[in-house]
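Chains A and B, in that order, are what the protein sequence lines are.
Start counting the first sequence at 1; every next residue gets the next number (this note's numbering).
Start counting the second sequence at 1; every next residue gets the next number (this note's numbering).
Glycine is no exception: its CB is placed at the ideal position from the N, C-alpha and C atoms.
Since the structure is predicted, the reported quantities are computational estimates derived from the model, not experimental observations.
Here the structure is laid out as structure tokens; the discussion comes afterwards.
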Amino acid sequence: MQIDKKKEYNVNGYVYKNFTQLNREEIIQVWNWRNSPEIRRYFYNTDEIPLQSHFKFIYTLGRRNDVCYWLVIENDNPIGVMDLTDIKIHEERAEMGYYIIPDMLENGIGLNFVYTNLIFAFEKIGCKTILGGVHKDNRNARLLDEYLGFTLNENKESMGYNISPFMPLKIERDDFLKYSTKKNDIIAFVNYLKKE
Amino acid sequence: MELENFIKNFANQFDDTDESEIKANTEYHELEEWSSLTAMCVIALVKTQYGKTVTGREIKNCKTVMDLFEIVASK
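Structure follows, in structure tokens:
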């Protein structure tokens with residue numbers, strides 16, 4: 001498992017730009033998205049973050065190895081944010097978080113976005129296990145996560161385990177890569193939804 | 001590709017919204033039932049029924065069902 005913070009990773013038509021490489025304007029954009037109610041309502045920490053704290057947080061990311069954040073860009077336009085937290089390099093394990101920016105919500109990009117985030121984490125970063133926590137009220141994210149192969153994590157590894165509205169999830173690289181072929185095919189996903 | 005047929009197919013992607021609510025000038029993002037999942041159903045519909053690909057950004061940029069019809073028809 002290896003992360004190059006200076007590198008822009010290209011995966012499936014998306015560019016992953018590390019937060020440590022963002023300019024001032026991009027940092028402020030991220031702060032606005034992160035604080036918008038439709039985004040933060042599904043976070044572990046739903047509080048609004050002051051701009052000064054946000055800048056401080058971004059600054060600390062340069063020397064932290066336990067968390068990593070990327071701006072996800074498609075055709076020069078940002079579409080979301082993806083992060084790995086609680087990174088355990090030697091265990092090849094991390095907790096994944098993501099959100100689509102407010103402007104792109106409800107436009108049908110979720111399947112490809114989450115699928116590509118998993119490909120990025122497993123194939124480019126080298127994670128073996130990814131943990132997650134999905135808000136119980138976030139039906140769309142729950143359906144997506146389940147479709148892509150996340151299962152309920154019975155162990156207390158995920159941060160979401162002890163936070164009441166969250167379901168702790170887990171997905172293994174070998175399982176995902178074995179069954180992931182064309183998982184971002186929107187027709188297959190819609191057929192899956194209709195069976196639910 | 002006919003507008004009337006497109007509107008009917010579009011309306012079929014909703015479970016709770018009455019078909020009569022969907023017209024050419026309907027601003028679909030404003031519909032109560034509109035969600036990312038409906039958007040995915042519309043993308044899948046365009047692919048299966050019309051053999052064309054509409055992107056999430058195009059779904060976002062269109063306001064009305066007519067706007068979307070015109071994008072799909074132009075492909």
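- request: Kindly indicate the opening and closing residues of the alpha helix (DSSP H) around Asp198 (chain A).
  value: The structure shown does not extend to residue 198 (chain A), since chain A spans only 1 to 196, so no value can be given for it.
query: Three-state secondary structure (DSSP) at Asp83 (chain A)?
result: For Asp83 (chain A), the three-state secondary structure derived from DSSP is strand.
field: Bridge partners - Ala121 (chain A), DSSP secondary structure assignment
entry: For Ala121 (chain A), which the question treats as bridged, DSSP gives no partner whatsoever.
The alpha helix (DSSP H) enclosing Glu94 (chain A), as first and last residue numbers: A quick correction: the sequence has Ala, not Glu, at residue 94 (chain A). It is not in any alpha helix (DSSP H) - Ala94 (chain A) instead sits in the beta strand (DSSP E) that spans 93-100.
message: For the segment 26-48 of chain B, list every residue whose C-beta sits within 9 Å of some C-beta in chain A, in sequence order.
response: Result list: His29, Trp34, Ser35, Ser36, Leu37, Thr38, Ala39, Met40, Cys41, Val42, Ile43, Ala44, Leu45, Lys47, Thr48.
field: Best match in A:Asn75, A:His135, A:Asn77, A:Phe57 for proximity to Tyr69 (chain A) [C-alpha to C-alpha]
entry: For Tyr69 (chain A), the closest of A:Asn75, A:His135, A:Asn77, A:Phe57 by C-alpha to C-alpha distance is A:Phe57.
- prompt: At a CB-CB cut-off below 7 Å, which residues of chain B make contact with Asp190 (chain A)?
  reply: It should be pointed out that residue 190 (chain A) corresponds to Val in this sequence rather than to Asp. Under a criterion of Cβ atoms nearer than 7 Å, the residues of chain B adjacent to Val190 (chain A) are, in order, Met40, Cys41, Ala44.
query: Going by DSSP, which residues form a beta bridge with Thr64 (chain B)?
result: Looking at the DSSP assignment, Thr64 (chain B) forms a beta bridge with B:Glu27.
- prompt: When we look at the beta-carbon of Arg93 (chain A) and count the other beta-carbons within 10 Å, is it buried (16 or more) or exposed?
  reply: Its Cβ being crowded by 16 or more others within 10 Å, Arg93 (chain A) is buried.
query: Which whole-angstrom value describes the C-beta separation of Phe14 (chain B) and Val65 (chain B), a residue pair presumed to lie in contact below a C-beta threshold of 8 Å?
result: With a Cβ gap of about 12 Å, Phe14 (chain B) and Val65 (chain B) do not count as contacting.
- prompt: Going straight from the alpha carbon of Thr53 (chain B) to that of Thr181 (chain A), what length do you get?
  reply: Their Cα atoms are separated by approximately 20 Å.
message: Taking the straight line between their C-alpha atoms, what separation do you get for Ser164 (chain A) and Ser74 (chain B)?
response: Rounded to the nearest angstrom, the two C-alpha atoms are 49 Å apart.
field: Sequence-distant residues of the same chain with beta carbon closer than 7 Å to Asn32 (chain A), five excluded per side
entry: Taken in chain order, the list of residues that qualify is empty.
message: Looking at chain D, is there any beta carbon in it that lies within less than 9 Å of the beta carbon of Asp83 (chain A)?
response: Note that chain D does not occur in the displayed structure, where the protein chains are A and B.
query: Between A:Asn35, A:Asn140, A:Gly126, A:Phe55, which lies nearest to Trp34 (chain B) when the distance is taken from Cα to Cα?
result: Taking only the C-alpha atoms, the option nearest Trp34 (chain B) is A:Asn140.
message: Assuming the contact rule is C-beta atoms closer than 8 Å, Pro78 (chain A) and Ser36 (chain A) should be a hit. Round their C-beta distance to whole Å, please.
response: Approximately 14 Å separates the beta-carbon atoms of Pro78 (chain A) and Ser36 (chain A); this is outside 8 Å, ruling out the contact.
message: Run through chain A and tell me which residues come within less than 7 Å of Ile59 (chain B), C-beta to C-beta.
response: Close partners of Ile59 (chain B) in chain A (Cβ separation under 7 Å): Asn107, Gly108.
message: Three Cβ pairs or more, each shorter than 8 Å: is that satisfied between the segment 184-196 of chain A and the segment 38-46 of chain B?
response: Yes, the segment 184-196 of chain A touches the segment 38-46 of chain B.
message: Classify Lys170 (chain A): buried if its beta carbon has 16 or more other beta carbons within 10 angstroms, exposed otherwise.
response: Its Cβ being crowded by 16 or more others within 10 Å, Lys170 (chain A) is buried.
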